[in-house]
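Chemist: One gets this note's numbering by counting positions in the sequence shown from 1 and adding 9 to each.
Cβ coordinates follow ideal geometry from the N, Cα and C atoms, glycine included.
Everything numeric in this text was worked out from a predicted model, so none of it was measured.
Sharing a structure here in structure tokens format.
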Amino acid sequence: MKKIISFTITVFALLSCSSSEEPIRLTGQTMGTTYSIVISDPADISATALQREVDQRLLEINESMSTWIEDSELSRFNQSTSTDWFEISKDFYDVLSLSLDISQQTDGNFDVTVGPLVNLWGFGPKSTSANRVPSEAEITQAKMHVGFKYLSLAQSPYRIKKDNPAVYVDLSAVAKGYGVDQIATLVESKGVDSYLIEIGGEMATRGQSPRGTPWRLGIERPDANLRAVIQQFEISEANMATSGDYRNYFEIDGKRFSHTLNISTGYPIDHRLASITVLADNTATADAYATAMMSMGETVGLEYAERAGISVLMIIRLDDGTFEQRATGQFLEKMGTQ
């Protein structure tokens, strides 16, 4: 019997308000999840007008990068079997450029061309194995069309091409982080210095919370049956993303199959790393790194993060059902300076 469970991995904003000026709080839906915005210093900003601008900007990004919208920019590229240049928007170009860079850095552990495998395992809009584990032959066939080196980018105009006609790009592991960054740019253009922006668990903070102190954030315990905070900290400036194996998976006869795939094997990850939180210069980068190191696992991922100087907190599932936390020196240093 197969059970599919899909929720959002959460980094909580633990808020209370003591500010003399009422903060702006906006919520909505985008990219198949929810967003939340808190502005501590709203000044003369109209919440209604800002919500319209936020929704419009997120709509633009979603209509560019969603694989679930049939006529999105990305869907049209995926539907095409042409190996000619395909003109794209700056949003699409910027996300692809970042993605290919991180693919190179992580030896392909982050790879946006993973789409054929995502669909094969039942986690994408073109799913072909909704009630079974794919065969070895099917996995081998799908892997023939996976590889970021099949993609090329160019500017003036912004364009992309694929060397393999069956390449299928999936930007879900970076688009939410990019959306956070774009909304941060939008609110900063209004003169806002203190804010929290969260889309599906990916987050950016600046300045102070409505309490007049650094933002208090909590990382969720990686347990699908229990909503609880396993770690919390205060931080003023952060671009943060969390990836995990416990909110989007299916089960067959008691065996769990995660939505995070090992590109080299073509199978879902099978290790003890339950969740990983990454701090980076921007949220899109944190988002991509979190996916890459989730694929690597706790040992290789932590070694990579230390070597690359990335701020990472890992939560590892032990055999007795408890959890162990491991962090890079960069993460501990950043937490210690707040």
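(1) Roughly how many angstroms separate the alpha carbons of Ser-25 and Arg-34, rounded to a whole number?
(2) Is there contact between the region 77-93 and the region 266-282, where contact requires at least three CB pairs shorter than 8 Å?
(3) Per the DSSP calculation, Ala-45 is bridged to which residue(s)?
(4) Do you know offhand how far Arg-220's Cα is from Glu-30's?
(5) Excluding the five sequence neighbours on either side, which residues of its own chain have a C-beta within less than 8 Å of the C-beta of Leu-126, listed in chain order?
(6) Mind checking whether Met-40 and Ala-193 have CB atoms under 9 Å apart?
(7) Would the region 312-328 and the region 284-294 be scored as touching if the rule is three or more Cβ pairs under 8 Å?
(8) Using C-beta distances below 6 Å, list every residue in its chain close to Gly-310, excluding the 5 sequence neighbours before and after it, in chain order.
(9) Runs of 3 residues minimum, wholly inside the region 95-177: which ones carry the beta strand (DSSP E) assignment?
(10) Could you spell out the range, first to last residue, of the beta strand (DSSP E) harbouring Gln-240?
(11) Gln-339 by DSSP, collapsed to three states: which one?
(12) Measuring only the C-alpha atoms, how far is Gly-133 from Glu-312?
(13) Quick check: the region 290-304 against the region 245-254, are there 3 or more CB pairs under 8 Å?
(14) Between Phe-332 and the rest of its own chain, which residues show a CB-CB distance below 8 Å, the 5 nearest in sequence each way excluded?
(15) Going by C-alpha to C-alpha distance, which of Gln-339, Asp-100, Phe-119 and Ser-49 sits closest to Asp-190?
(16) If you draw a straight line from the C-alpha of Gln-241 to the C-alpha of Glu-315, how long is it?
(17) Could you check the C-alpha separation between Val-72 and Asp-329 for me, to the nearest Å?
(18) Arg-85 lies in the alpha helix (DSSP H); which residues open and close that run?
(19) Could you tell me how far apart the beta carbons of Leu-105 and Ile-54 are, in whole angstroms, since I believe they sit closer than 8 Å?
(20) Could you tell me how far apart the beta carbons of Ile-46 and Ile-244 are, in whole angstroms, since I believe they sit closer than 8 Å?
(21) If you draw a straight line from the alpha carbon of Ser-108 to that of Lys-199, how long is it in whole angstroms?
(22) What's the C-alpha gap between Asp-103 and Leu-180?
(23) Considering Cα atoms alone, identify which of Ile-48, Gly-188 and Phe-119 is closest to Ser-75.
(24) Leaving out the 5 sequence neighbours to the left and right, which residues in its chain are closer than 6 Å to Thr-115 when beta-carbon positions are compared?
(25) Just the C-alpha distance for Leu-341 and Met-212, rounded to the nearest angstrom, thanks.
(26) Could you check where the beta strand (DSSP E) with Asn-248 kicks off and where it finishes?
(27) Is DSSP giving Leu-289 helix, strand or coil here?
(28) Excluding five sequence neighbours on each side, which residues of the same chain lie with their C-beta closer than 7 Å to the C-beta of Gly-318?
(29) Can you tell me whether DSSP reads Thr-274 as helix, strand or coil?
(30) Name the two residues that bound the continuous beta strand (DSSP E) containing Ile-326.
(31) Under DSSP, the alpha helix (DSSP H) around Arg-225 begins and ends at which residues?
(32) Sort Arg-215, Pro-223, Tyr-204 and Met-344 by Cα distance to Pro-51 and report the nearest one.
Modeler: Let's see:
(1) Within the sequence shown, numbered from 1, the residue matching residue 25 stands at position 16. Within the sequence shown, numbered from 1, the residue matching residue 34 stands at position 25. Any answer about Ser-25 is weak, because its pLDDT of 46 lies below 50 and its placement is not dependable; what the coordinates show is given next. So the alpha carbons of these two residues sit roughly 12 Å apart.
(2) no
(3) If you number the sequence shown from 1, residue 45 lands on position 36. A quick correction: the sequence has Ser, not Ala, at residue 45. Thr-36 and Glu-207.
(4) The residue labelled residue 220 in the question sits at position 211 within the sequence shown. The residue labelled residue 30 in the question sits at position 21 within the sequence shown. In a straight line, the C-alpha of Arg-220 is about 11 Å away from that of Glu-30.
(5) In the sequence shown, counting from the first residue as 1, residue 126 sits at position 117. Answer for Leu-126: Ile-148, Ala-151, Lys-152, Val-155, Leu-270, Ile-272 and Gly-275, listed in chain order.
(6) Start at 1 with the first residue of the sequence shown, and residue 40 comes out as number 31. Start at 1 with the first residue of the sequence shown, and residue 193 comes out as number 184. Their beta carbons are not under 9 Å apart, which means Met-40 does not touch Ala-193 by this criterion.
(7) yes
(8) Within the sequence shown, the letter at position 301 stands for residue 310. Here Gly-310 has Met-302 as same chain residues with Cβ atoms under 6 Å from its own Cβ, once five neighbours each way along the sequence are excluded.
(9) 160-163 and 168-171
(10) On the sequence shown, residue 240 is found 231 positions in, with the first residue counted as 1. 238-244 is the extent of the beta strand (DSSP E) around Gln-240.
(11) Mapped onto the sequence shown, residue 339 falls at position 330. The answer is helix: DSSP assigns Gln-339 an H, G or I state.
(12) Stepping through the sequence shown from its first residue, residue 133 is reached at position 124. Stepping through the sequence shown from its first residue, residue 312 is reached at position 303. Computed Cα separation, rounded: 30 Å.
(13) yes
(14) Stepping through the sequence shown from its first residue, residue 332 is reached at position 323. Excluding residues within five positions, the ones whose Cβ falls inside 8 Å are Arg-230, Pro-231, Ile-239, Ala-283, Ile-324, Ile-325 and Arg-326.
(15) Locating residue 190 in the sequence shown gives position 181, counting from the first residue. Selection Gln-339, Asp-100, Phe-119 and Ser-49 evaluated against Asp-190 yields Asp-100 as nearest (Cα-Cα).
(16) Mapped onto the sequence shown, residue 241 falls at position 232. Mapped onto the sequence shown, residue 315 falls at position 306. Approximately 22 Å between the Cα atoms of the pair.
(17) Here residue 72 refers to the residue found at position 63 of the sequence shown. Here residue 329 refers to the residue found at position 320 of the sequence shown. Note on identity: in this sequence residue 72 is Glu, with Val being the wrong assignment. Distance between the alpha carbons of Glu-72 and Asp-329: 44 Å.
(18) Translated into positions along the sequence shown, residue 85 becomes position 76. Its alpha helix (DSSP H) spans residues 82-88.
(19) Taking the first residue of the sequence shown as 1, we reach residue 105 at position 96. Taking the first residue of the sequence shown as 1, we reach residue 54 at position 45. The pair is not a contact, with the Cβ atoms about 33 Å apart (cut-off 8 Å).
(20) Here residue 46 is taken as the residue at index 37 of the sequence shown, counted from 1. Here residue 244 is taken as the residue at index 235 of the sequence shown, counted from 1. That pair is no contact at about 17 Å.
(21) Residue 108 sits at position 99 when you count from the first residue of the sequence shown. Residue 199 sits at position 190 when you count from the first residue of the sequence shown. Taking the straight line joining both Cα atoms gives about 29 Å.
(22) On the sequence shown, residue 103 is found 94 positions in, with the first residue counted as 1. On the sequence shown, residue 180 is found 171 positions in, with the first residue counted as 1. Roughly 12 Å separates the two Cα atoms.
(23) Along the sequence shown, one-based indexing puts residue 75 at 66. The candidate whose alpha carbon is nearest that of Ser-75 is Gly-188.
(24) To locate residue 115, count along the sequence shown from 1; it is residue 106. These residues qualify, in order along the chain: Ala-301.
(25) As a working mapping, residue 341 is identified with position 332 in the sequence shown. As a working mapping, residue 212 is identified with position 203 in the sequence shown. So the alpha carbons of these two residues sit roughly 19 Å apart.
(26) Taking the first residue of the sequence shown as position 1, residue 248 is located at position 239. Asn-248 -> beta strand (DSSP E) spans 247-253.
(27) The residue you call residue 289 lines up with position 280 of the sequence shown. The sequence shown places Ala at residue 289, rather than the Leu named in the question. Collapsing the DSSP output to three states places Ala-289 in coil.
(28) Counted from its first residue, the sequence shown places residue 318 at position 309. Correct list, in chain order: Gln-339.
(29) Along the sequence shown, one-based indexing puts residue 274 at 265. Thr-274 falls in the coil class under three-state DSSP.
(30) One-based indexing of the sequence shown puts residue 326 at position 317. For clarity, residue 326 is Arg in the given sequence; the question names Ile instead. Segment 320-326, the beta strand (DSSP E) holding Arg-326.
(31) Position 216 of the sequence shown, counting from 1, holds the residue named residue 225. No alpha helix (DSSP H) holds Arg-225; the beta strand (DSSP E) holding it covers 224-229.
(32) In the sequence shown, the residue the question calls residue 51 occupies position 42. Closest by alpha carbon: Tyr-204.
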